[in-house]
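Undergrad:
2 protein chains.
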Amino acid sequence: MEEKQRIIVVGAGPVGSLAALYAANRGHDVEIYELRSDLRDPSTTPLNFTRSINLALSERGINAMRHAGQPKLIDHVMGATIPMRGRMLHLRKRNGGLAEESQDYDAHGRSILAIDRGGLNKRLLDILEEMPNVKFFFNHKLTRADLEKNKAWFHVREADSSVQVDFDLMIGADGAHSAVRQQMMKFTRMDYSQQYIDTLWCEFQIQPRENGSEADPNNKFRISPNHLHIWPGRNFMFIAIPSEDGSFTCTLFAPPAVFAELEADLKGSQLVEFFDKFFPGVTSHIPPPELIASFQQNPHLPLINIKCKPHHFSSSAVVVGDAAHAMVPFYGQGMNAGLEDVRILFNTLDKYATTEAGTTPASRRALALNEYTAVRTPDAFAINDLALQNYVEMRASVLSTSYRLRKAIEEALSVYVPWLGWQTKYSRVSFGNEPYSLVVAKSEHQAVLITRFSALATFGGAGLG
Amino acid sequence: MEEKQRIIVVGAGPVGSLAALYAANRGHDVEIYELRSDLRDPSTTPLNFTRSINLALSERGINAMRHAGQPKLIDHVMGATIPMRGRMLHLRKRNGGLAEESQDYDAHGRSILAIDRGGLNKRLLDILEEMPNVKFFFNHKLTRADLEKNKAWFHVREADSSVQVDFDLMIGADGAHSAVRQQMMKFTRMDYSQQYIDTLWCEFQIQPRENGSEADPNNKFRISPNHLHIWPGRNFMFIAIPSEDGSFTCTLFAPPAVFAELEADLKGSQLVEFFDKFFPGVTSHIPPPELIASFQQNPHLPLINIKCKPHHFSSSAVVVGDAAHAMVPFYGQGMNAGLEDVRILFNTLDKYATTEAGTTPASRRALALNEYTAVRTPDAFAINDLALQNYVEMRASVLSTSYRLRKAIEEALSVYVPWLGWQTKYSRVSFGNEPYSLVVAKSEHQAVLITRFSALATFGGAGLG
């Protein structure tokens, strides 16, 4: 068993909270520092709108929580989710009518889960609150760190003063604009890139039906609750994710130039026309005045892609989640990858925890963090790239015949010839726990085989129908 | 004529000083803020060793100074340079003896110029000192900027206090770790990447001969003063650049792993062996004890490649030089590109300076800075990439037959068929003023032609000798 260490976690979002939980379960002294106030405090303004309210939770995130040593956590979390078994594409038929097309995510019927970010976060904080070796420090902003001397300084908002904190290990789970990463860059030669994607996003809501549906008065959902709804617009996209109260949280993704054009029309009639043209049916779920109000009141936010290497410095600091690999939301893996970081980080720390002659806790942590960077950065780069590529898939490729054909062939192989171990890339990412970089490698290999198989089938006249 | 503006320049290196000179010549109120103390102050510790002492000045840098409105500047600067007309490769012959091979930079005999960074910097500061509309603020560190409200805050080292400064335009010439760029990133969605190259560097000196050479008692240079000397080591490299006092400033470039191995040998005999094996003749110019002392006392420093876009924010801030595009030193273009930034920036500001109805100085500056980013970022990316590629050329390709062949063919075309406008890439970069991105495009075009021509010549049996 490893000696007790002083571990500070910067950032009390879902990823930081899970990291604190893992550390606390190992008996360490844990302190959580959070820039904002406690989101459970009723006087706190609701979560700022710079992060999406709804998230897709899938196997990697669940698996990370499964290993947190808190069986109740999983039960509670899972109880507050809505399974989405596939995409529901909303299209316009040639004759002008509306059409829906369901594309299941998985040939074996597995679903991803819609979950409320705030609810998950609160649940994790509640569990941490009960642990004797965990302390919270809200309204604390990291201003400086000496990672050679294991000291950090936080500005305390209420007191307008600075406090100095000593630690053995600082875990930065403080998001895309991470202050921990910023401090690490002063101590290590970090390769770093940030890239803004040529897309902005804005949130909308589809309200629940007041009286349920005709068939079922308890069903308040206006569209299928068990799908992630997509209105693919080729160059832009509108999506909807279900919430427990019967509403849907919706997001418009479009290039800044499109936003600028729509913003210029102050009355909003152009916005309604734009929706009716490219996202058929939406205005029957969101009344135009509400659509216009949301567009004008909710922020229009950018998307950023961040890669960095290393993810750690020496034995004293490591970044996880968006702080290490902020990604675009199109694979629904951002939070899942962050939660998986925590599982892999602590697995690696455990591996080096055995006391051996001539080693110290710090020297063992240094080895563990070094291995963590070596193992995890290729996977972080891989899922960042996949997330970018999936934007094209969601808004355009889903409509193409070749995409549908490949999906059908792969699913058939997966179901009818299970011993081949064939799986779609989507299934490997969302329903498995293999390293992301391995998923990419396997998927590339499968692509070669599929191409050969298709050629064979075509030239052999097998008829794939 | 443009209205008088308040322009602050952050960074008093060569690029910042030239920017201040351009601004002052246009009648603006100019203030220069520099983190360090005045390098002309004799009590100031010599320039820190994080930048190389010697630089290669070439056409782009000269041209930028030519347009600074100070005829004396060019005369004075040029008087303190040493022309280097080519590379001198130092090799070992098959029989073990030493060989030198000179490769001229230009078929038309043009040279690049070795110059002392400190001397050039002092000359620029002296000229600025005489201008009534320029003020200096040394020991001032930028801590924060509000680029929407055109305010900046500097920490004053001596007084340990903070001052607030108003400005119309802030020009950031504050190097690779630019504080101005850092502040800009809070206001604009900047794509940014920094990458550490797998190479460290360390400086050495070849001392002048005490009594000159036998042939000329005034010639204190131990090796040719009119060359940039290269000991190409394939995976590493040693270079020497002449100084006016007869010495040479030398640099070892090698991967960190090689440095680590050499550092581990505290007596330094491995270092001497390493030099004798890969850099033949060096230890006859630098006595081994001096070589070892330099390696142990001088810092071992990293190389960084930085790209960012945009280079400006609105009408209030712009970065130039290393702050915008730190590059590796292998094309000798770092400072030249920075000085050229200044010329192009003020050209662009001038273009939009004409007062027109409905415009303000700020709205015209916003247009100019927008154009500056659009025009300059492709060139900044191009020279960054060229500089990286040239490391391979300097340490390895110079030795290859195909490299020598292409150089010979291109130079022959340039000299004997001048109306073709044929020039080597090196000549276009170092002796011309075409945009870097255009140089790359033309060079790629020439490469295609050369390949065709070589094939023709070979298959046609023309014999290129």
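Residue numbers (the working numbering), protein chains in the order written: chain A, 1 to 465; chain B, 466 to 930.
Beta carbons: idealized from backbone N, C-alpha and C, even for Gly.
Could you tell me the distance, in whole angstroms, from the CA atom of residue 415 of chain A to the CA atom of residue 291 of chain A?
TA: For the purposes of this step, residue 415 of chain A is taken as residue 415 along the first sequence, with counting starting at 1. For the purposes of this step, residue 291 of chain A is taken as residue 291 along the first sequence, with counting starting at 1. Cα-Cα distance, rounded: 42 Å.
Undergrad: Note down, in chain order, all residues in the segment 661-672 of chain B with a beta-carbon under 7 Å from any beta-carbon belonging to chain C.
TA: Any reference to chain C falls outside this structure, whose protein chains are A and B.
Undergrad: Given a threshold of 16 other Cβ atoms within 10 Å of its Cβ, counted over all protein chains shown, does residue 287 of chain A qualify as buried or as exposed?
TA: Here residue 287 of chain A refers to the residue found at position 287 of the first sequence. Result: exposed.
Undergrad: Report yes or no: is there a C-beta of chain B within less than 7 Å of the C-beta of residue 191 of chain A?
TA: Translated into the one-based positions of the first sequence, residue 191 of chain A becomes position 191. It does; some Cβ of chain B falls within 7 Å.
Undergrad: Taking Cβ-Cβ distances below 7 Å as the criterion, which residues of the segment 299-314 of chain A are in contact with chain B?
TA: Going along the segment 299-314 of chain A in chain order, one finds 302 with a Cβ nearer than 7 Å to chain B.
Undergrad: Look up residue 931 of chain B in the DSSP assignment and say whether it is helix, strand or coil.
TA: Any answer about residue 931 of chain B is impossible in this case: the structure gives chain B only from 466 up to 930.
Undergrad: Kindly list the residues whose CB is nearer than 8 Å to the CB of residue 200 of chain A, restricted to its own chain and excluding five residues on each side of it in sequence; keep chain order.
TA: By one-based count along the first sequence, residue 200 of chain A stands at place 200. Once the five neighbours on either side are set aside, the close Cβ partners of residue 200 of chain A are 253, 254, 255, 256, 259, 300, 301, 302 and 303.
Undergrad: With distances taken between CB atoms, is the gap from residue 326 of chain A to residue 306 of chain A smaller than 7 Å?
TA: Residue numbering aside, residue 326 of chain A sits at position 326 when the first sequence is read from its first letter. Residue numbering aside, residue 306 of chain A sits at position 306 when the first sequence is read from its first letter. Yes, the Cβ-Cβ distance between residue 326 of chain A and residue 306 of chain A is below 7 Å.
Undergrad: If you draw a straight line from the C-alpha of residue 378 of chain A to the C-alpha of residue 435 of chain A, how long is it?
TA: As a position in the first sequence, residue 378 of chain A is number 378, starting the count at 1. As a position in the first sequence, residue 435 of chain A is number 435, starting the count at 1. The straight-line gap from Cα to Cα measures roughly 9 Å.
Undergrad: Using a Cβ-Cβ cut-off of 6 Å (strictly less than) and excluding sequence neighbours within five positions of residue 110 of chain A, which residues of its own chain qualify?
TA: For the purposes of this step, residue 110 of chain A is taken as the residue at position 110 of the first sequence. Only 431 meet the Cβ criterion.
Undergrad: Considering residue 108 of chain A, what are the terminal residues of the alpha helix (DSSP H) in which it resides?
TA: Along the first sequence, read from residue 1 onward, the residue named residue 108 of chain A stands at position 108. No alpha helix (DSSP H) holds residue 108 of chain A; DSSP gives it neither H nor E.
Undergrad: Just checking: is the beta-carbon of residue 659 of chain B within a distance shorter than 7 Å of some beta-carbon in chain A?
TA: As a first step, residue 659 of chain B is located in the second sequence; it is residue number 194 there, counting from the start. Output row for residue 659 of chain B: interface = yes.
Undergrad: For residue 654 of chain B and residue 196 of chain A, which I take to be in contact (beta-carbon distance under 8 Å), what is that distance rounded to the nearest angstrom?
TA: Sequence index remark: in the second sequence, residue 654 of chain B carries index 189 (1-based). Sequence index remark: in the first sequence, residue 196 of chain A carries index 196 (1-based). Residue 654 of chain B to residue 196 of chain A, Cβ: 4 Å. Contact.
Undergrad: Determine, using beta carbons only, whether residue 813 of chain B and residue 788 of chain B come nearer to each other than 7 Å.
TA: In the second sequence, the residue the question calls residue 813 of chain B occupies position 348. In the second sequence, the residue the question calls residue 788 of chain B occupies position 323. Against a cut-off of 7 Å, the Cβ pair of residue 788 of chain B and residue 813 of chain B comes out as no contact.
Undergrad: Mark residue 559 of chain B as exposed unless 16 or more other C-beta atoms lie within 10 angstroms of its C-beta, in which case mark it buried.
TA: Locating residue 559 of chain B in the second sequence gives position 94, counting from the first residue. Flag for residue 559 of chain B reads exposed.
Undergrad: To the nearest angstrom, how far is the alpha carbon of residue 64 of chain A from that of residue 9 of chain A?
TA: Working through the first sequence from its first residue, we reach residue 64 of chain A at position 64. Working through the first sequence from its first residue, we reach residue 9 of chain A at position 9. When rounded, the distance between both Cα atoms is 17 Å.
Undergrad: Which one of B:840, B:793, B:643 and B:798 has the shortest CA to CA distance from residue 976 of chain B?
TA: Residue 976 of chain B lies beyond the stretch modelled for chain B, which goes from 466 to 930, so this question has no answer here.
Undergrad: Quick one: give me the first and last residue of the beta strand (DSSP E) that residue 627 of chain B is part of.
TA: Along the second sequence, read from residue 1 onward, the residue named residue 627 of chain B stands at position 162. Where residue 627 of chain B is concerned, the enclosing beta strand (DSSP E) stretches over 626-631.
Undergrad: Rounded to the nearest angstrom, how far is the Cβ of residue 238 of chain A from that of residue 282 of chain A, given a contact under 8 Å?
TA: Residue 238 of chain A sits at position 238 when you count from the first residue of the first sequence. Residue 282 of chain A sits at position 282 when you count from the first residue of the first sequence. Confirmed, about 6 Å.
Undergrad: How many Å lie between residue 15 of chain A and residue 856 of chain B at the Cα?
TA: Counting from one through the first sequence, the residue named residue 15 of chain A turns up at place 15. Counting from one through the second sequence, the residue named residue 856 of chain B turns up at place 391. Rounded to the nearest angstrom, the two C-alpha atoms are 42 Å apart.
Undergrad: Out of A:438, A:173 and A:161, point me to the one whose CA is closest to residue 381 of chain A's CA.
TA: As a first step, residue 381 of chain A is located in the first sequence; it is residue number 381 there, counting from the start. Looking at the Cα atoms, A:438 is the closest of the given residues.
Undergrad: Nearest to residue 598 of chain B by CA position, among B:612, B:695, B:486 and B:556, is which residue?
TA: Translated into the one-based positions of the second sequence, residue 598 of chain B becomes position 133. Measuring from the Cα of residue 598 of chain B, the nearest candidate turns out to be B:486.
Undergrad: Between residue 139 of chain A and the rest of its own chain, which residues show a CB-CB distance below 8 Å, the 5 nearest in sequence each way excluded?
TA: The count along the first sequence starts at 1 and reaches residue 139 of chain A at position 139. 34, 35, 36, 37, 156, 157 and 158, listed in sequence order.
Undergrad: What's the call for residue 917 of chain B, buried or exposed, on a 16-neighbour Cβ count within 10 Å?
TA: Position 452 of the second sequence holds residue 917 of chain B. So residue 917 of chain B counts as exposed.
Undergrad: Comparing the C-beta of residue 514 of chain B with each C-beta of chain A, is any distance below 7 Å?
TA: The residue you call residue 514 of chain B lines up with position 49 of the second sequence. Unreliable positioning characterises residue 514 of chain B in this predicted model, as indicated by a pLDDT of 46, which lies under 50. A coordinate reading is not provided.
Undergrad: Straight-line CA distance for residue 273 of chain A to residue 240 of chain A?
TA: Here the question's residue 273 of chain A lines up with position 273 in the first sequence. Here the question's residue 240 of chain A lines up with position 240 in the first sequence. Whole-angstrom Cα-Cα distance: 19 Å.
Undergrad: On the CB-based measure, 16 or more other CB atoms within 10 Å of its CB, does residue 98 of chain A come out buried or exposed?
TA: Indexing the first sequence from 1 puts residue 98 of chain A at position 98. Its Cβ having fewer than 16 others within 10 Å, residue 98 of chain A is exposed.
Undergrad: Just the C-alpha distance for residue 125 of chain A and residue 17 of chain A, rounded to the nearest angstrom, thanks.
TA: By one-based count along the first sequence, residue 125 of chain A stands at place 125. By one-based count along the first sequence, residue 17 of chain A stands at place 17. Whole-angstrom Cα-Cα distance: 7 Å.
Undergrad: Please report the residue range of the alpha helix (DSSP H) in which residue 790 of chain B lies.
TA: Here residue 790 of chain B refers to the residue found at position 325 when the second sequence is read from its first residue. Where residue 790 of chain B is concerned, the enclosing alpha helix (DSSP H) stretches over 787-790.
Undergrad: Per DSSP, what kind of secondary structure is residue 696 of chain B in: helix, strand or coil?
TA: The residue labelled residue 696 of chain B in the question sits at position 231 within the second sequence. Correct three-state label for residue 696 of chain B: strand.
Undergrad: According to DSSP, which residues form a beta bridge with residue 553 of chain B?
TA: Position 88 of the second sequence, counted from the start, is the residue given in the question as residue 553 of chain B. Beta-bridge pairing links residue 553 of chain B to B:567 and B:694.
Undergrad: Sort A:400, A:338, A:56 and A:386 by Cα distance to residue 12 of chain A and report the nearest one.
TA: Locating residue 12 of chain A in the first sequence gives position 12, where the first residue counts as 1. Closest option to residue 12 of chain A, Cα to Cα, is A:338.
Undergrad: Between residue 166 of chain A and residue 373 of chain A, what straight-line distance do the alpha-carbon atoms span, to the nearest angstrom?
TA: Your numbering for residue 166 of chain A matches position 166 in the first sequence. Your numbering for residue 373 of chain A matches position 373 in the first sequence. Using only the alpha carbons, I get a separation of about 24 Å.
Undergrad: With 16 as the cutoff for other CB atoms within 10 Å, does residue 864 of chain B come out buried or exposed?
TA: As a first step, residue 864 of chain B must be located in the second sequence, where it is residue number 399. It counts as exposed.
Undergrad: Is residue 445 of chain A buried or exposed, if buried means 16 or more other CB atoms sit within 10 Å of its CB?
TA: The residue labelled residue 445 of chain A in the question sits at position 445 within the first sequence. It is exposed - the Cβ of residue 445 of chain A has fewer than 16 other Cβ atoms within 10 Å.
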